[in-house]
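Notes follow the structure.
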Amino acid sequence: MNSGALATVGARNAVWDTTLAGRVDSALGIGLPAMLRSQWLDRGRRYVRSDHAFAQLIRFALVGGASNIAYALLFVVMSGVGPLVANIVGSLVSTAIANELHRRLTFRAAGRIGWFTAQWEGGGLALLGVVISTAALAALRFWAPGLGDLTQASAVLAVTGAVGGLRFLALRGFVF
265 MNSGALATVG ARNAVWDTTL AGRVDSALGI GLPAMLRSQW LDRGRRYVRS DHAFAQLIRF
325 ALVGGASNIA YALLFVVMSG VGPLVANIVG SLVSTAIANE LHRRLTFRAA GRIGWFTAQW
385 EGGGLALLGV VISTAALAAL RFWAPGLGDL TQASAVLAVT GAVGGLRFLA LRGFVF
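Here the sequence shown stands for residues 265 to 440, numbered as in the numbering used here.
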């Protein structure tokens, strides 16, 4: 990284430490000394950027959220051609975005894993996740047809979370 880039990063940190963090502290009534607050922020940033499994999980969740936003935007933009086409395009593009972000950011594997391999293996895992979650929800509907809406929504969240966790483990252990 060149010195100009370092100066820019330093300037952004200075803005956060003096302006935004002070407003957050004031709003929460924390009033931490600037040096201590800066140390905590720096430690947090270093940890989230590390290769610890939990730090990767945090980045995995952030990438997942970003790809869900991309999906929703694509779905809305493509809705004029019909919901089926919008769903397919949104799913394919957001999965490709997520796979690339996982390759570059979550698992930092851009030097080890090529784009095509990440798309092929990550896309296969995403497809497997859709099959597993669909089968689980179909089984739930078959074995417990009288569930209320809140219970069904909770089951969808539980299944989606479990599939996401399995996808994280598979990406971390086998793909990247």
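All residues carry an ideal CB built from backbone N, CA and C; glycine is no exception.
Could you tell me which of the options sits nearest to residue i, measuring between CA atoms?
| i | options | result |
| --- | --- | --- |
| residue 435 | 307, 363, 396 | 363 |
| residue 351 | 366, 360, 329, 335 | 335 |
| residue 433 | 411, 325, 329 | 325 |
| residue 315 | 437, 370, 298 | 370 |
| residue 397 | 355, 346, 421 | 421 |
| residue 356 | 346, 345, 339 | 339 |
| residue 358 | 375, 333, 374 | 333 |
| residue 321 | 360, 372, 354 | 372 |
| residue 401 | 419, 410, 309, 391 | 419 |
If we count the other Cβ atoms within 10 Å of its Cβ and call it buried at 16 or more, is residue i buried or exposed?
| i | result |
| --- | --- |
| residue 388 | exposed |
| residue 303 | exposed |
| residue 414 | exposed |
| residue 437 | exposed |
| residue 382 | buried |
| residue 327 | buried |
Excluding sequence positions up to five away, which residues of its chain have a Cβ less than 6 Å from the Cβ of residue i?
| i | result |
| --- | --- |
| residue 431 | 389, 393 |
| residue 343 | 350 |
| residue 354 | 335, 338, 339 |
| residue 411 | none |
Please say whether residue j and residue i have beta carbons closer to each other than 9 Å?
| i | j | result |
| --- | --- | --- |
| residue 330 | residue 365 | yes |
| residue 360 | residue 368 | no |
| residue 427 | residue 404 | no |
Could you name the residues of the same chain whose beta carbon sits closer than 7 Å to that of residue i, not counting the 5 residues immediately before and after it, in chain order?
| i | result |
| --- | --- |
| residue 385 | 439 |
| residue 407 | none |
CB-CB under 8 Å to residue i, same chain, minus the five flanking residues each way: which ones, in chain order?
| i | result |
| --- | --- |
| residue 317 | 436 |
| residue 312 | 319, 322, 323 |
| residue 345 | none |
So is the beta-carbon of residue i under 8 Å away from any non-hydrogen atom of the ligand ATP?
| i | result |
| --- | --- |
| residue 334 | Ligands displayed in this structure: none; no statement on the ligand ATP is therefore possible. |
In chain order, which continuous runs of the alpha helix (DSSP H) of length 4 or greater are located wholly inside the stretch 312 to 388?
-> Listed in chain order, the complete alpha helix (DSSP H) runs (minimum 4 residues) inside the stretch 312 to 388 are 317 to 342, 347 to 365.
Scan the stretch 394 to 436 and note each continuous alpha helix (DSSP H) run of 4 residues or more that stays entirely inside, going in chain order.
-> Within the stretch 394 to 436, complete alpha helix (DSSP H) segments of at least 4 residues are found at 413 to 434, given in chain order.
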